[in-house]
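For reference, the structure is listed below as structure tokens.
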Amino acid sequence: MTGPFAVEGAEPGDAIIVTIERMTPNRATGWTYSPLSQQVVDPKAVADLPKSERFEWAIDAQKGTVSLIGGSERISGWSFPLAPMIGCFGVAPAGGQAISTATSGAYGGNMDYRRFGPGARIAFPVSEKGGLFFLGDGHACQGDGEIVGTGIETSFEIEFTLHLRKNAPGRWPRCETETEIITLASGRPLDQPLQFATTEMLRWIVEDLGVDALEASHLLGQMVRYDVANVFNPAYCVACRLEKNDITRAMSLLGEG
-9 MTGPFAVEGA
1 EPGDAIIVTI
11 ERMTPNRATG
21 WTYSPLSQQV
31 VDPKAVADLP
41 KSERFEWAID
51 AQKGTVSLIG
61 GSERISGWSF
71 PLAPMIGCFG
81 VAPAGGQAIS
91 TATSGAYGGN
101 MDYRRFGPGA
111 RIAFPVSEKG
121 GLFFLGDGHA
131 CQGDGEIVGT
141 GIETSFEIEF
151 TLHLRKNAPG
161 RWPRCETETE
171 IITLASGRPL
181 DQPLQFATTE
191 MLRWIVEDLG
201 VDALEASHLL
211 GQMVRYDVAN
221 VFNPAYCVAC
231 RLEKNDITRA
241 MSLLGEG
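Using the working numbering, read the sequence shown as starting at -9 and increasing by one per residue.
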């Protein structure tokens, strides 16, 4: 982890908005564990899983690839796109809590969401004076859920920008990309973060678009998308997504008919 960074003027009730400007790998390798985590397979299948092993991956920033080093002859050299993301970042939890970076909550933390890469803009609700922003846990690539317990773990040079939004309404992290708005929430069992993330999205579009809960429900009911960001950590994380084009289309038709 790097930080914490105090943001001048940040107070409870505000939001710190981080824009991920650039992520450049600063080493040529990363590592993962395999096989799948026991908690993502049927309990009856756990006995069939091979033993856990650590694997190295070659990172080629120029080619934009990650390639498996070693393994069996059949898979040695398997290559996938380089897709940098930040696994763990956020602000200080409320009430002076000292919470492990292994987990996540309303403050952010170890959400391990693969869309948290360059170009993403994330708003974290401030609970302590200064906000105390931190970040770390760089992944060169990772699928949804972090289902082997890691992404391709490595280090990065990260360029980011922080802005302060006063009197921000968010209760959970809110994210914008070029094409989507996203809310994230954490908890267990899996339906709990889904409920929290959906509620945060409902509040967001009602507040910002001026629609009522029924109108927002029509939009969400037909156009919402969900990602299981993480099902390995102590708190699971779910992302609730809406395409900006779908929002624009719906709002352009509001009042017609």
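Note that beta-carbon positions come from the ideal geometry of N, C-alpha and C, so glycine has one too.
Give the DSSP-derived three-state secondary structure of residue i in the structure shown.
i: residue 8; result: strand
i: residue 186; result: helix
i: residue 215; result: strand
i: residue 83; result: coil
i: residue 201; result: coil
i: residue 72; result: coil
i: residue -4; result: coil
i: residue 193; result: helix
i: residue 94; result: strand
i: residue 241; result: helix
i: residue 62; result: coil
i: residue 15; result: strand
i: residue 247; result: Because the pLDDT at residue 247 is just 47, under 50, the model does not fix this residue reliably, and the point stays unresolved.
i: residue 181; result: helix
i: residue 175; result: strand
i: residue 38; result: helix
i: residue 232; result: strand
i: residue 207; result: helix
i: residue 31; result: coil
i: residue 56; result: strand
Near residue i, what residues of its chain come up, given a Cβ to Cβ distance below 7 Å and the 5 sequence neighbours on each side ignored?
i: residue 1; result: 116, 119
i: residue 16; result: 145, 146, 147
i: residue 153; result: 7
i: residue 60; result: 45, 46, 66
i: residue -6; result: 82, 122, 123, 124
i: residue 247; result: For residue 247, the pLDDT reaches just 47, beneath the cut-off of 50, and the residue's location in the model is therefore unreliable, although a value from the coordinates is still provided. Once the five neighbours on either side are set aside, residue 247 has no close Cβ partner at all.
In its own chain, which residues sit with a C-beta less than 6 Å from the C-beta of residue i, not counting the 5 before and 5 after it?
i: residue 40; result: 25
i: residue 209; result: 240
i: residue 106; result: 75, 76
i: residue 166; result: 111
i: residue 236; result: 213
i: residue 188; result: 230
i: residue 172; result: 165, 229, 231
i: residue 195; result: 206
i: residue 176; result: 94, 95, 183, 225, 227
Do residue i and residue j have their C-beta atoms closer together than 8 Å?
i: residue 174; j: residue 229; result: yes
i: residue 226; j: residue 178; result: yes
i: residue 29; j: residue 221; result: yes
i: residue 231; j: residue 170; result: yes
i: residue 155; j: residue 4; result: yes
i: residue 68; j: residue 143; result: no
i: residue -4; j: residue 121; result: yes
i: residue 233; j: residue 108; result: no
i: residue 131; j: residue 72; result: yes
i: residue 138; j: residue 27; result: yes
i: residue 216; j: residue 184; result: yes
i: residue 218; j: residue 135; result: yes
i: residue 160; j: residue 88; result: no
Skipping 5 residues on each side, what residues in its chain have a beta carbon closer than 8 Å to that of residue i?
i: residue -9; result: 78, 91, 124, 125, 126, 127
i: residue 157; result: 3, 4
i: residue 19; result: 46, 47, 48, 49, 59, 144
For the region 61 to 81 against the region 95 to 113, are there 3 or more C-beta pairs whose distance is under 8 Å? Yes: the two stretches touch, three or more of their Cβ pairs being nearer than 8 Å.
With contact counted as at least three CB pairs below 8 Å, one residue from each stretch, are the region 45 to 60 and the region 30 to 37 in contact? no
Starting from the N-terminal side, write out each stretch of the beta strand (DSSP E) that is 3 residues or longer and does not extend beyond the region 111 to 158. 111 to 115, 123 to 129, 146 to 155
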